[in-house]
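Take a look at the structure set out below.
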Amino acid sequence: MSEKLTTVDFGASNAFGSHLFQVEIPAARNRSVVITEDYGYRGLEGGVPSGEERVILTRATWSAIADTARREFNDRLKAAKILTGRWHTGINLVDRLLGKELCILAWAAEMAGDDKIPIICSKWAALRPEERWWLFTMTVAEAGLPCDTQRGWRRALFYALSDGEKPSPRRKRPRPVELDLFSLPLFMDSK
Numbered sequence: 649m650s651e652k653l654t655t656v657d658f659g660a661s662n663a664f665g666s667h668l669f670q671v672e673i674p675a676a677r678n679r680s681v682v683i684t685e686d687y688g689y690r691g692l693e694g695g696v697p698s699g700e701e702r703v704i705l706t707r708a709t710w711s712a713i714a715d716t717a718r719r720e721f722n723d724r725l726k727a728a729k730i731l732t733g734r735w736h737t738g739i740n741l742v743d744r745l746l747g748k749e750l751c752i753l754a755w756a757a758e759m760a761g762d763d764k765i766p767i768i769c770s771k772w773a774a775l776r777p778e779e780r781w782w783l784f785t786m787t788v789a790e791a792g793l794p795c796d797t798q799r800g801w802r803r804a805l806f807y808a809l810s811d812g813e814k815p816s817p818r819r820k821r822p823r824p825v826e827l828d829l830f831s832l833p834l835f836m837d838s839k
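Basically our numbering = 1-based index in the sequence shown + 648.
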C-alpha cells in the first residue's frame, strides 16, 4: 500500500531533504522578499551548494505578482488533489517545479514598472508549465543569481513577457489533457 504524500504550503513535500524553493516574506513591509532554491539532500555534494538565492524582489513587486502565482499554483494543486496554499509572512515552501515557474515570473517582473506587471502576469499565466521549466533551465544556467538582473536570458524574460498590451479579461479555457506526449493531434481519430 502506498503512503499518501503530505505537503505543506504550495505542494512542497513534507519529507526531510526534499529539493524545493523557499519564499521568505518578511513581516516588515519595507523589506524585500527573497526566493531561494534549497537543494535538500543533493546540496553540499559534488560542489552543489545547500541552496542558492534566485531573486530578491521589492515588496511592491512581490505584492503585484503574488496573487497571480497563488491562483495558478492552487488551480494546479486542486487538479492534482493536493492541499492548496496561501502566502504568509515567514518562510513559504514551494514545490521544486512550481518554484521554477515562480522564478520566471519574478525575474520578468523584478525590474518592471507598475504598468508592465499586469502584462507580465497575464503572459506568464498563458505559458505552459513545461515552457516555464525550460525558461528556468536556460536562465539559471547563465543568470540565476540575484545580482544577474540585467544579463542574458534574465533580461530577455522581461522583454518577452512585458511586450504588448494587457489582454482584455476573458475566461481562461482549460487546456486539454494530453494522454501521450509523443502523439500528435494530426494523427488522432476525430469522432
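The beta-carbon is built from N, C-alpha and C at its ideal position, and this holds for glycine as well.
Predicted, not measured: the structure shown is a model, and the values here were computed from it.
Taking each of Lys771, Glu672 and Phe658 in turn and checking the Cα distance to Glu701, the smallest one comes out for Glu672. In the DSSP annotation of this structure, Thr709 is not part of any beta strand (DSSP E); the continuous alpha helix (DSSP H) holding it starts and ends at Arg707 to Ala727.
In the three-state DSSP reduction, Ser680 falls in the coil class, being neither helix nor strand. Spatial neighbours of Arg677 in its own chain (CB-CB distance under 8 Å, excluding positions within 5 residues in sequence) are listed in chain order as Arg707. Along the segment 734 to 778, the alpha helix (DSSP H) occurs as fully enclosed runs of 4 or more residues at 744 to 757 and 765 to 774, listed in sequence order.
In this structure, the alpha-carbon of Ala754 lies about 14 Å from that of Val742. In its chain, beyond the 5 residues on either side, Leu668, Gln670 and Gly699 have a beta carbon closer than 6 Å to the beta carbon of Asp686.
If you draw a straight line from the Cα of Ala712 to the Cα of Trp772, it is about 13 Å long.
Looking at the DSSP output, Thr787 sits in no beta bridge, so it has no partner there. Secondary structure note for Leu668: its beta strand (DSSP E) is the uninterrupted segment Leu668 to Ile673. When secondary structure is reduced to three states using DSSP, Phe658 falls in the strand class. In this model, Asp762 and Ile768 are separated by some 10 Å (Cα to Cα).
When the Cα atoms are used, Trp801 and Thr787 turn out to be separated by approximately 5 Å. Here the C-alpha atom of Trp735 lies approximately 28 Å from the C-alpha atom of Gln798.
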